[in-house]
Amino acid sequence: MKLLVPILIAPATAGLACLLVRSRRVMAALGICAFLTTLAMGVRLLREVLAHGAISECYEFFHADALSAWMVLLISTVSLGTSLYAGRYFQRDLAAKIITPGRMREFFVLTPFFAAGMFLVVLSNSLGVMWAAVEATALSSVLLVAIYNRKTSLEAAWKYVILGSLGLGLALLGTVYVYAAACKNQSERLPSFNWSHLMTVADQLDPGLIKLAFVLALVGYGTKAGLAPMHSWLPDAHSEAPSPTSAMLSGVSLKVALYALLRFHILATACLDSAFSRSLLLYRLWAVLYVPRSAVHFGAAQPQTDACLFKPRTRGSDLHRHCDEHIRHHLRRVVAHGLSCTDEASFVHGCRKY
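Position one of the sequence shown corresponds to residue 90 (this note's numbering), numbered consecutively onward.
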């Protein structure tokens, strides 16, 4: 039985079904059912991957390994947690006439598509499809940020569009350079752009192009992940979006961008010596750790940057040999942070009652 395709179909079907109904409770129930389905499929996927290794479907168009299964569980859990209270959250907004029924329906339609885009990011085998899926999540989340149609929310969405488009444009260039690196030594036919195939021929890729591709991916996907200095969109977007959307942005959307960056890191490590991509990642993360402190020192608000979850405790050359354990530690913190974002959003919803 196929596992990967139903994970994508379930939220997309719920989003389309919300176009046909008017009841807030029915739309909320559709979202809950969809994410319960993806959560159940995600648990089964994790068991299959741990028991039999990575699996592929649809002629290797979809591919899932342990990291993909881990992310599927995280996306499903956070999306389910936010959908459980989204109906009551908008009930109060409707009563206070903060939002119109049409805008509320827009939320229930876009949120499953937002989640489906994130599922496609972590389940697609092609680096090009992965980039397109990240772009799709950005477009749907921009509309969710601007859903209240206030001046401040429109400003936050516009800033998100500008910086996100700039970052994803650089990430696209990085993706193109990866393909160029694969084509350089292929004289007979065009190579496969699947990540699983690229890993098998990583030692044959052009090192110079891979270095350039990783730098562009680091800046591009780092912008989508809220890494400094391209993080200025993040505080406005989180504060202006509805609480369920803010929880999904912080809990999973930023992590999905880091997932895409991690795929480039793994490929670069397989092609080059491990020091190159690790050094750039660690220096980038050190910058993120110190920029918020200086911003607070000068009286600015501390940006909500998920990369602050990395907390290296060593210096100099010792950072390189500790990079792998920091990445594993971050993957555990990713889940903890995603669940805490859902819990905090639920707390905010409870406080709004009083």
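C-beta: ideal position from N, C-alpha, C; glycine also.
| field | Span of the alpha helix (DSSP H), counted from its first residue to its last, around residue 187 | value | DSSP places residue 187 outside any alpha helix (DSSP H), giving it a letter other than H or E.
| Using DSSP with H/G/I as helix, E/B as strand and the rest coil, what is residue 144? | Note: residue 144 maps to strand in three-state DSSP.
| request: Compare the Cα-Cα distances from residue 115 to each of 193, 163, 127 and report the closest residue. | output: Comparing Cα-Cα distances from residue 115 to each of 193, 163, 127, the minimum goes to 193.
| task | Just the C-alpha distance for residue 290 and residue 181, rounded to the nearest angstrom, thanks. | result | Rounded to the nearest angstrom, the two C-alpha atoms are 55 Å apart.
| query | In chain order, which continuous runs of the beta strand (DSSP E) of length 3 or greater are located wholly inside the region 320-346? | reply | If we require 3 residues or more, the region 320-346 turns out to have no beta strand (DSSP E) run fully inside it.
| Shortest alpha-carbon distance to residue 292 belongs to which of 270, 144, 250, 342? | Of all alpha-carbon atoms in 270, 144, 250, 342, the one lying nearest the alpha-carbon of residue 292 is that of 270.
| request: Compare the Cα-Cα distances from residue 145 to each of 266, 111, 189, 285 and report the closest residue. | output: Scanning 266, 111, 189, 285 for the CA closest to the CA of residue 145 turns up 285.
| task | Run the CB neighbour count on residue 251, radius 10 Å, all protein chains shown included, and call it buried at 16 or more, exposed below. | result | With fewer than 16 Cβ atoms within 10 Å of its Cβ, residue 251 is classed as exposed.
| When the distance is taken between beta carbons, is residue 234 closer than 7 Å to residue 336? | Their beta carbons are not under 7 Å apart, which means residue 336 does not touch residue 234 by this criterion.
| query | Opposite residue 213 in the DSSP bridges: which residues? | reply | In DSSP, residue 213 forms a bridge with 151.
| For residue 217, which residues of its own chain have a beta-carbon under 8 Å away from its beta-carbon, when the five flanking residues on both sides are left out? | Answer for residue 217: 264, 268, 282, listed in chain order.
| query | What span of residues does the alpha helix (DSSP H) with residue 296 cover, start to end? | reply | 296-313 is the span of the alpha helix (DSSP H), which, as asked, contains residue 296.
| said: Please report the distance separating the alpha-carbon of residue 334 from that of residue 229. | reply: Roughly 11 Å between the two C-alpha positions.
| message | On the criterion of 16 or more Cβ atoms from any shown chain inside 10 Å, does residue 360 qualify as buried, or is it exposed? | response | Residue 360 is classed as buried because its beta carbon has at least 16 other beta carbons within 10 Å across all chains shown.
| query | From which residue to which residue does the alpha helix (DSSP H) around residue 248 run? | reply | Unbroken alpha helix (DSSP H) run through residue 248: 240-272.
| field | Nearest-angstrom Cα separation, counted from residue 353 out to residue 185 | value | Rounded to the nearest angstrom, the two C-alpha atoms are 47 Å apart.
| request: Have a look at 94, 175, 165 and flag the residue whose alpha-carbon is nearest the alpha-carbon of residue 113. | output: Relative to the Cα of residue 113, the nearest Cα in the group 94, 175, 165 belongs to 175.
| Which residue from 205, 328, 261, 159 puts its Cα closest to that of residue 307? | For the options 205, 328, 261, 159, the alpha carbon positioned closest to that of residue 307 is the one of 261.
| field | Distance between residue 208 and residue 130 (C-alpha atoms, nearest Å) | value | Rounded to the nearest angstrom, the gap between the Cα atoms of residue 130 and residue 208 is 12 Å.
| task | Specify, as a first and last residue, the run of the alpha helix (DSSP H) that residue 94 falls within. | result | Run containing residue 94: 93-107, per the alpha helix (DSSP H) assignment.
| Is it true that the CB of residue 314 sits closer than 7 Å to the CB of residue 347? | Taking 7 Å as the cut-off, the Cβ atoms of residue 347 and residue 314 count as close.
| query | Does the separation of the CB atoms of residue 329 and residue 254 fall below 7 Å? | reply | Against a cut-off of 7 Å, the Cβ pair of residue 254 and residue 329 comes out as no contact.
| How many angstroms separate the CA atom of residue 364 from the CA atom of residue 310? | Roughly 20 Å between the two C-alpha positions.
| Where does the unbroken alpha helix (DSSP H) through residue 285 begin, and where does it stop? | Bounds of the alpha helix (DSSP H) holding residue 285 are 284-289.
| task | Report the rounded CA-to-CA distance for residue 224 versus residue 256, giving the unit in angstroms. | result | If you take the alpha carbons of residue 224 and residue 256, they lie about 10 Å apart.
| task | Taking all protein chains shown into account, decide if residue 219 is buried (16 or more other Cβ within 10 angstroms of its Cβ) or exposed. | result | Here residue 219 is buried: its Cβ has 16 or more other Cβ atoms, across all protein chains shown, within 10 Å.
| task | Inspect the beta-carbon positions of residue 341 and residue 211 and report whether they are closer than 7 Å. | result | No, the pair does not count as a contact, with Cβ atoms beyond the cut-off.
| What separation, rounded to the nearest whole angstrom, lies between the Cα atoms of residue 108 and residue 331? | Answer to the nearest angstrom: the Cα atoms are 20 Å apart.
| query | Does the Cβ of residue 344 have 16 or more other Cβ atoms within 10 Å, making it buried, or fewer, making it exposed? | reply | By the 10 Å Cβ count, residue 344 comes out buried.
| Mind checking whether residue 103 and residue 119 have CB atoms under 7 Å apart? | Closer than 7 Å, so yes.
| What separation, rounded to the nearest whole angstrom, lies between the Cα atoms of residue 204 and residue 287? | Rounded to the nearest angstrom, the two C-alpha atoms are 27 Å apart.
| Length of the line joining the Cα atoms of residue 160 and residue 169 | About 14 Å.
| task | Measure the CB-CB distance between residue 117 and residue 100 and report whether it falls below 7 Å. | result | Taking C-beta atoms as the reference points, residue 117 and residue 100 fail to come closer than 7 Å.
| field | Residue of 299, 245, 206 minimising C-alpha distance to residue 320 | value | If we check each option's Cα against that of residue 320, 245 comes out closest.
| Sequence-distant residues of its chain with Cβ nearer than 8 Å to residue 405 (five each side left out) | Confidence is the limiting factor: at residue 405 the pLDDT is only 37, short of 50, which leaves the residue's position unreliable and the question unanswerable from this model.
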